[in-house]
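As structure tokens, the structure follows; a few thoughts come after it.
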Amino acid sequence: MAEQASIASATVTGEGVRRRDFINIAAVSVAGVGGLAVLYPLISQMAPSADVLAESSTEIDISAIATGMAIKAMWRKQPVFVRNLTPEEIKSAEKVDVTSLRDPQTIEERTKAGKTNWLITMGVCTHLGCVPLGAGEGEVKGEFGGYFCPCHGSVYDTAARIRKGPAPKNLEVPPYEFSSDTVVKIG
Amino acid sequence: MSFPWANEYKPVHPFMRYLDERLPLPRFVYNAVGGGYPVPRNLNYMWNFGVLAGVALVLQIVTGVVLAMHYAANAGVAFDSVEHIMRDVNWGWMLRYAHANGASMFFIVVYTHIFRGFFYSSYKAPREMIWLLGVVIFLLMMATAFMGYVLPWGQMSFWGAKVITGLFSAIPLIGTPLQQWLLGGFAPDNAALNRFFSLHFLLPFVILGVIVLHVWALHIPGSSNPTGVEVKQESDTVPFHPYYTAKDGFGLGLFLILYTILVFFAPNLLGHPDNYIPANPMSTPAHIVPEWYFWPFYAILRAFTSDFFFIPAKLMGVLAMFSAILVWFFLPWLDTGPVRSGHYRPLFRKFFYLLVIDVLVLGYCGGAPAAEPYVMISQIASMYYFLHFLVILPIVSSIETPQPLPFSITEAVLGKDEHAVLSATSPAVA
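Quick note, the sequences are listed as chains X and H, same order. The opening position of the first sequence corresponds to residue 1 in the working numbering, with each subsequent residue numbered one higher. The opening position of the second sequence corresponds to residue 1 in the working numbering, with each subsequent residue numbered one higher.
In structure tokens, the structure reads:
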């Protein structure tokens, strides 16, 4: 009883640090660090796995795409639009005042030099990820002649730039290069 | 935990007495939903929906566990395994339709339960914690229902998963990595389907746990009632069993009639034909909408079409959609009026019905294509929705003169009953 009383008074008056306090704090800290270390793999396991990340590049034959046509290819399980723009479509994209755009970019910045007619973008609306219409035959192209997303009504122009609706950005241009005049390597 | 006049559990059978001394589970049940729980005598049928929601959850767990015995959560075979359930598994068609329509029934009763809470201000002190836990249950329900809808891996499943996880990409800086972390890939695929199945199985049991807390919190002040006047005396209450087990039983009968009509005569009425097309990452359905119970919130999401205060339209829509539910967490402190029941609040009552109409309008617009005039109607209705909670409710509750309340529940039920008059003059009770 006397011992307990002296411990209680030491705690109340805050006189010094007892061995037991140190052991308590040290033990809880070590357990806490251990707990956090266990948490890391539990969170990390949900990130894309190695096989998903491995599907990082794809080659597309573009020789059969005539002027004014487009195809949908697949990269990282997502659609890619490869579009062979007509001169009128390029001209209408060049005519737009870039500063008036929500996501200001010229068509030159969105295509490769000397290959301005090849507009290669993700077929993923930057709003919530639907596939916009306009790449398939007979699909609605929207009022700016590019793409139209049916989910929430975003409208893209002939350089796949956002012009109207809720999407915040232009259709993303994936990393790609021309392996030859007829083959594009995406990723 | 209960009123002093609550009936005490008295086991008769020797085995029950033996059990009561060692594991008083029957006593716990008796005090929670039996003769030991005194309940206001004037509850109307709007007080059926809590029990009905509980029954709906049990139905979902039972049918769901059975369906999980036949379903395969793999993107390659998920769609076929659902068709296997529909065509080959004994009674599989019935179990799946019961589960799919059970979700709709669950939301019907829960929405009624929530709007009962709005009308009778059930969220007011001392019942705030019941209300907050209820909102948590509703959020968990929404997550569970969304993930369940992804499992058949049809077109609506796939694109629903894409659009809803796309909401997270609106968050600045961490948005896209967060979306990829949630999906385990760049688009919904096997990884996403598997984890959604795992969580869809887990969350109903989490909901069950929060319901235990919800009912626990309820049993401290006891149930509210249509007058909003607190229980004062024994004559204000009746035991839960048999009075409300019988009343709830009648409501349950009506619930089951509606439910079985849906399951057996219109099993696909509330579904989307597009979900009978296998998931195709290359083509979005022309008209993509969530299930009906998400329509009001989907309308709010789509209402933001241009940037607002330097916040991108997309982020604004997402914030507004989540705020539409999060604002319910603040309801006990937004409505400061001293009177609970809408029956005695003439001005509040009008705005309540306006809110009901507003939510119905939002729901209709959420199910309609993203075109005019629905976009503009959603914008006006969304604005009114937030106006109701953040402006109208605080103002109405501070300027309104409520109508006179009855002295007690007994007086409300029996009019100028002698017992109620006696109670009114008795200083011991007042």
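Built from N, CA and C at the ideal position, the CB exists for glycine as well. Bear in mind that the values here come from a model prediction, so they are computed numbers and not experimental data.
Asked: Contacting positions in the segment 103 to 134 of chain H - beta carbon closer than 7 Å to chain X; Found: none
Asked: Straight-line gap, X/I107 to H/A170 (C-alpha atoms, nearest Å); Found: 25 Å
Asked: Residue from X/G123, X/C149 and X/T158 with nearest C-alpha to X/V80; Found: X/G123
Asked: Where the alpha helix (DSSP H) containing H/G160 begins and where it ends; Found: Q155 to G166
Asked: DSSP three-state assignment for H/L199, whether helix, strand or coil; Found: helix
Asked: Cα-Cα separation, H/A187 to H/R22; Found: 54 Å
Asked: Proximal residues to X/Q105 (C-beta, below 8 Å), its chain only, five neighbours per side dropped; Found: V98, A159, R161 and N170
Asked: Integer-rounded CB distance, given that H/I300 should sit under 8 Å from H/A313; Found: So it is not a contact: roughly 13 Å between Cβ atoms.
Asked: Within chain X, the residues that H/G317 reaches when beta carbons sit closer than 8 Å; Found: P166
Asked: 7 Å CB neighbourhood of H/A72 in its chain, flanking five on each side removed; Found: A78 and S81
Asked: H/L52 beta carbon less than 8 Å from that of H/I207; Found: no
Asked: Beta-ladder partner(s) of X/E177, from DSSP; Found: X/K185
Asked: Per-residue contacts from H/A299 into chain X (C-beta, under 7 Å); Found: Neighbours of H/A299 on chain X: none; closest Cβ ~11 Å, over 7 Å.
Asked: Contact list for X/A47 against chain H, beta-carbon separation under 9 Å; Found: P177, Q180, W181 and G184
Asked: Closest Cα partner of X/T126 within the set X/D21, X/V155, X/T67 and X/S179; Found: X/V155
Asked: Backbone CA spacing between H/Y344 and H/T305 [nearest angstrom]; Found: 40 Å
Asked: Contact residues within the segment 47 to 69 of chain X, judged by C-beta distance below 7 Å to chain H; Found: A47, P48, S49 and V52
Asked: CB contact check: X/L101 to chain H, cutoff 8 Å; Found: no
Asked: Identity of the residues DSSP links to H/A266 by a beta bridge; Found: H/A266 is not bridged to any residue.
Asked: Proximal residues, the segment 123 to 136 of chain X versus chain H, C-beta separation under 7 Å; Found: H127, L128, G129, C130 and V131
Asked: Continuous alpha helix (DSSP H) stretch holding H/I325: start and end; Found: A313 to L326
Asked: The segment 248 to 259 of chain H in contact with the segment 87 to 106 of chain H per 3-pair CB rule at 8 Å; Found: yes
Asked: Within chain H, partners of X/G153 - CB distance below 9 Å; Found: R302, T305, P369, A370, A371 and V375
Asked: Interfacial residues, the segment 272 to 284 of chain H to chain X, with Cβ spacing under 8 Å; Found: P281, M282, S283 and T284
Asked: The segment 77 to 101 of chain X: positions lying closer than 9 Å to chain H by Cβ; Found: K77, Q78 and P79
Asked: Simplified DSSP assignment, three categories, for X/Q78; Found: strand
Asked: Pick from H/W216, H/T284 and H/M147 that is closest to X/C130, judged by C-alpha positions; Found: H/T284
Asked: H/T63 - containing beta strand (DSSP E), residue span; Found: H/T63 -> not in any beta strand (DSSP E); alpha helix (DSSP H) instead, spanning F49 to A68.
Asked: With 16 other Cβ atoms within 10 Å as the buried cut-off, status of H/V316; Found: Checking the sequence shown, residue 316 of chain H turns out to be Met, not Val. By the 10 Å Cβ count, H/M316 comes out buried.
Asked: Contacts of H/H287 in chain X (Cβ-Cβ under 8 Å); Found: P150
Asked: H/L173 in three-state terms, based on DSSP; Found: coil
Asked: DSSP state of X/V98 mapped onto helix, strand, coil; Found: helix
Asked: Rounded C-alpha distance that separates H/S323 from H/G415; Found: 43 Å
Asked: Residue-level contact to chain X via CB, H/L163, 8 Å cutoff; Found: The sequence shown places Val at residue 163 of chain H, not Leu. Cβ-Cβ to chain X under 8 Å: yes for H/V163.
Asked: For H/W333 and X/Y176, the rounded distance between their alpha carbons; Found: 55 Å
Asked: 7 Å Cβ shell around H/V110 - same chain, five flanking residues per side excluded; Found: A53, F138 and M141
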